[in-house]
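**Student:** Numbering (my numbering), first residue to last: 21 to 195. C-beta atoms are modelled at their ideal positions from N, C-alpha and C, and glycine is treated no differently.
#1: So, with DSSP's three-state summary, where would you put residue 156?
#2: To the nearest angstrom, report how far apart residue 123 and residue 109 are at their CA atoms.
#3: For residue 103 and residue 136, what's the separation of their Cα atoms in angstroms?
#4: Quick check: what's the CA-CA separation for residue 130 versus residue 182?
#5: Is the distance from the Cβ of residue 147 to the Cβ of residue 175 below 8 Å?
#6: Please classify residue 167: is it buried, with 16 or more other beta-carbons within 10 angstroms of its beta-carbon, or exposed?
#7: Would residue 160 be called buried (16 or more neighbouring beta carbons within 10 Å of its own) or exposed?
#8: Alpha carbon to alpha carbon, what distance is there between residue 40 and residue 29?
#9: Between residue 140 and residue 156, is the Cβ-Cβ spacing less than 8 Å?
#10: From residue 48 to residue 84, what distance separates their C-alpha atoms?
#11: Closest by CA to residue 4, which one among 50, 51 and 36?
#12: Please report the distance separating the alpha-carbon of residue 73 from that of residue 79.
#13: On the DSSP bridge assignment, give the partners of residue 127 in chain order.
#14: Can you give me the start and stop residues for the alpha helix (DSSP H) that residue 53 sits inside?
#15: With a threshold of 8 Å on Cβ separation, who are the neighbours of residue 151 within its own chain once the five nearest residues in sequence on each side are excluded?
#16: Kindly indicate which three-state DSSP category residue 103 falls into: helix, strand or coil?
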């Protein structure tokens with residue numbers, strides 16, 4: 021109830037108050053005062069900065085810097101142009117038009133699709149003696165070191181149904 025009363029007083033004669041405020045003359049801004057610098061101090065600094073010093077220019081001409089990035093050199097050695105173009109057909113794919121994604125038919129060697137990665141992880145998890153890291157790396161044309169790391173640190177989801185301890189426990193019924 022108090023909010024209604026407050027709103028009534030706040031909105032009372034609002035239009036007239038707005039017109040009165042708009043029709044007021046705008047206050048003029050205060051004039052800006054110019055900063056007065058001594059003419060000798062400002063000009064001498066500017067002149068010294070813009071002047072070229074002959075001894076410094078001679079020293080600068082004698083400097084020669086040659087740099088090379090070792091990481092860039094390694095990258096060019098590791099990936100030849102022909103290897104980038106090597107592609108392999110995909111081994112597994114989702115049935116139908118999965119999630120509106122375009123169906124891939126081939127991928128670059130050394131890369132996996134999500135479906136292939138999940139298949140490789142789950143097959144290694146189910147049969148680690150059959151699907152060793154070496155076999156997975158050979159099957160999908162992957163680097164052995166990366167394959168070992170992926171198989172060690174990535175585990176696909178597992179769904180485990182834990183039965184209730186008692187028969188009288190509440191159960192969710194399917195619809």
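**Tutor:** Considering the structure as presented:
#1: In the chain shown, counting from the first residue as 1, residue 156 sits at position 136. DSSP places residue 156 within a helical segment (H, G or I) once states are collapsed to three.
#2: What you label residue 123 is simply residue 103 of the chain shown in a count that begins at 1. What you label residue 109 is simply residue 89 of the chain shown in a count that begins at 1. CA-CA distance, residue 123 to residue 109, rounds to 12 Å.
#3: Numbered from its first residue, the chain shown carries residue 103 at position 83. Numbered from its first residue, the chain shown carries residue 136 at position 116. Its pLDDT being 48, under 50, residue 103 is placed unreliably by the model, and nothing is read from it.
#4: Locating residue 130 in the chain shown gives position 110, counting from the first residue. Locating residue 182 in the chain shown gives position 162, counting from the first residue. Rounded to whole angstroms, residue 130 to residue 182 spans 39 Å at the Cα level.
#5: On the chain shown, residue 147 is found 127 positions in, with the first residue counted as 1. On the chain shown, residue 175 is found 155 positions in, with the first residue counted as 1. Not in contact: residue 147 and residue 175 (Cβ atoms no closer than 8 Å).
#6: Here residue 167 is taken as the residue at index 147 of the chain shown, counted from 1. Sixteen is the threshold: when 16 or more other Cβ atoms of the shown chains lie within 10 Å of the Cβ of residue 167, as they do, the residue is buried.
#7: The count along the chain shown starts at 1 and reaches residue 160 at position 140. The C-beta of residue 160 has 16 or more other C-beta atoms within 10 Å across all chains shown, which makes the residue buried.
#8: Your numbering for residue 29 matches position 9 in the chain shown. Your numbering for residue 40 matches position 20 in the chain shown. Roughly 18 Å separates the two Cα atoms.
#9: As a working mapping, residue 140 is identified with position 120 in the chain shown. As a working mapping, residue 156 is identified with position 136 in the chain shown. Going by C-beta atoms, residue 140 is nearer than 8 Å to residue 156.
#10: Residue 48 sits at position 28 when you count from the first residue of the chain shown. Residue 84 sits at position 64 when you count from the first residue of the chain shown. If you draw a straight line from the Cα of residue 48 to the Cα of residue 84, it comes to about 59 Å.
#11: Shown here, the chain extends from 21 to 195; a query on residue 4 therefore has no answer.
#12: Position 53 of the chain shown, counted from the first residue, corresponds to residue 73. Position 59 of the chain shown, counted from the first residue, corresponds to residue 79. Going from the Cα of residue 73 to the Cα of residue 79 covers about 10 Å.
#13: On the chain shown, position 107 is the one that residue 127 refers to. Under DSSP, residue 127 shares a beta bridge with 108.
#14: Against the chain shown, residue 53 aligns to sequence position 33. It is not in any alpha helix (DSSP H) - residue 53 carries neither H nor E in the DSSP assignment.
#15: Start at 1 with the first residue of the chain shown, and residue 151 comes out as number 131. Result list for residue 151: 140, 143 and 144, in chain order.
#16: As a first step, residue 103 must be located in the chain shown, where it is residue number 83. Per-residue confidence for residue 103 stands at a pLDDT of 48, beneath the threshold of 50, marking its modelled position as unreliable; no derived number is given.
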